[in-house]
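Residue numbers (this note's numbering): 174 to 277.
Structure first, commentary second.
Structure, rendered in C-alpha coordinates:
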(Lines of atoms letter the chains of each structure in order from A; the text may use other names.)
(Lines give C-alpha, C1' and ligand atoms only; values in the text may rest on other atoms or scores of the structure.)
Protein backbone atom coordinates (compact mmCIF):
# COMPACT_ATOMS: atom_id res chain seq x y z
CA UNK A 174 0.00 0.00 0.00
CA UNK A 175 1.19 3.49 -0.77
CA UNK A 176 2.23 5.98 1.87
CA UNK A 177 1.27 9.63 1.34
CA UNK A 178 4.16 12.08 0.99
CA UNK A 179 4.01 15.84 1.45
CA UNK A 180 4.92 17.90 -1.62
CA UNK A 181 6.00 21.52 -1.91
CA UNK A 182 6.58 23.96 -4.79
CA UNK A 183 9.53 26.35 -4.51
CA UNK A 184 10.86 29.07 -6.77
CA UNK A 185 14.50 28.54 -7.71
CA UNK A 186 15.91 31.41 -9.80
CA UNK A 187 17.83 29.34 -12.36
CA UNK A 188 15.62 26.29 -12.58
CA UNK A 189 12.20 27.90 -12.18
CA UNK A 190 9.51 26.26 -10.05
CA UNK A 191 10.50 22.89 -8.63
CA UNK A 192 8.40 20.21 -6.96
CA UNK A 193 10.02 18.90 -3.75
CA UNK A 194 9.19 16.19 -1.24
CA UNK A 195 9.13 16.91 2.50
CA UNK A 196 12.62 15.53 3.25
CA UNK A 197 14.53 17.17 0.38
CA UNK A 198 17.96 18.70 1.09
CA UNK A 199 17.28 21.63 -1.28
CA UNK A 200 13.88 22.46 0.19
CA UNK A 201 13.99 26.14 1.25
CA UNK A 202 12.54 27.64 4.42
CA UNK A 203 8.86 27.84 5.27
CA UNK A 204 8.52 31.41 3.96
CA UNK A 205 9.66 30.59 0.41
CA UNK A 206 7.72 27.41 -0.32
CA UNK A 207 4.08 26.51 -0.96
CA UNK A 208 2.47 23.32 0.30
CA UNK A 209 0.74 21.45 -2.52
CA UNK A 210 -0.66 18.55 -0.53
CA UNK A 211 -0.09 14.95 0.51
CA UNK A 212 0.02 12.71 -2.54
CA UNK A 213 0.67 9.05 -3.20
CA UNK A 214 3.03 9.42 -6.19
CA UNK A 215 5.09 12.04 -8.02
CA UNK A 216 2.90 12.28 -11.09
CA UNK A 217 -0.18 13.01 -8.98
CA UNK A 218 1.70 15.81 -7.20
CA UNK A 219 2.90 17.27 -10.50
CA UNK A 220 -0.67 17.30 -11.83
CA UNK A 221 -1.92 19.20 -8.77
CA UNK A 222 1.03 21.62 -8.93
CA UNK A 223 0.51 22.22 -12.66
CA UNK A 224 -3.13 23.13 -12.00
CA UNK A 225 -2.02 25.94 -9.66
CA UNK A 226 1.32 27.00 -11.19
CA UNK A 227 2.82 27.06 -14.67
CA UNK A 228 6.11 25.49 -15.75
CA UNK A 229 6.65 23.22 -12.71
CA UNK A 230 9.43 20.59 -12.85
CA UNK A 231 10.62 17.77 -10.58
CA UNK A 232 13.50 18.47 -8.18
CA UNK A 233 16.51 16.46 -9.40
CA UNK A 234 17.67 15.74 -5.81
CA UNK A 235 14.57 14.31 -4.18
CA UNK A 236 12.43 13.06 -7.07
CA UNK A 237 13.88 10.76 -9.68
CA UNK A 238 11.34 9.78 -12.30
CA UNK A 239 12.01 6.40 -13.82
CA UNK A 240 10.49 2.94 -13.90
CA UNK A 241 11.54 2.12 -10.34
CA UNK A 242 9.74 5.03 -8.65
CA UNK A 243 6.34 4.61 -10.29
CA UNK A 244 4.54 1.29 -10.09
CA UNK A 245 4.35 -0.49 -13.43
CA UNK A 246 0.92 -1.06 -14.80
CA UNK A 247 0.33 -4.53 -16.09
CA UNK A 248 -0.24 -4.31 -19.82
CA UNK A 249 -1.92 -7.70 -19.83
CA UNK A 250 -4.60 -6.57 -17.36
CA UNK A 251 -5.54 -3.44 -19.31
CA UNK A 252 -7.47 -5.07 -22.20
CA UNK A 253 -9.56 -7.09 -19.76
CA UNK A 254 -10.43 -3.93 -17.84
CA UNK A 255 -11.31 -2.01 -20.98
CA UNK A 256 -13.75 -4.69 -22.10
CA UNK A 257 -15.43 -4.92 -18.74
CA UNK A 258 -19.04 -3.81 -18.80
CA UNK A 259 -21.67 -3.55 -16.17
CA UNK A 260 -24.12 -6.44 -16.15
CA UNK A 261 -27.58 -5.46 -17.29
CA UNK A 262 -30.24 -5.53 -14.63
CA UNK A 263 -33.53 -7.13 -15.39
CA UNK A 264 -36.43 -4.80 -14.84
CA UNK A 265 -39.05 -6.17 -12.50
CA UNK A 266 -42.35 -6.95 -14.16
CA UNK A 267 -45.16 -4.78 -12.82
CA UNK A 268 -48.47 -6.44 -12.22
CA UNK A 269 -51.22 -3.96 -12.91
CA UNK A 270 -54.49 -4.43 -11.10
CA UNK A 271 -57.59 -2.40 -11.90
CA UNK A 272 -58.41 0.33 -9.43
CA UNK A 273 -62.01 1.07 -8.48
CA UNK A 274 -62.59 4.68 -7.68
CA UNK A 275 -66.30 4.43 -6.82
CA UNK A 276 -67.88 1.87 -4.53
CA UNK A 277 -70.37 -0.51 -6.12
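The C-beta atom is built at its ideal place from N, Cα and C for all residues, glycine as well.
Nearest-angstrom Cα separation, counted from residue j out to residue i
i	j	result
residue 185	residue 211	22 Å
residue 262	residue 176	38 Å
residue 208	residue 217	14 Å
residue 224	residue 196	23 Å
residue 214	residue 269	56 Å
residue 200	residue 231	12 Å
Cβ-based burial, residue i [other Cβ within 10 Å; buried from 16]
i	result
residue 274	exposed
residue 229	buried
residue 234	exposed
residue 193	buried
residue 203	exposed
Under the three-state DSSP convention, the category residue i falls into
i	result
residue 181	strand
residue 283	The structure shown has nothing for residue 283, since the chain only spans 174 to 277.
Nonlocal neighbours in the same chain, by C-beta distance under 7 Å from residue i, ignoring five residues either side
i	result
residue 226	182 and 190
residue 260	none
Neighbourhood of residue i by C-beta distance below 6 Å, restricted to the same chain and skipping five residues each side
i	result
residue 179	195 and 211
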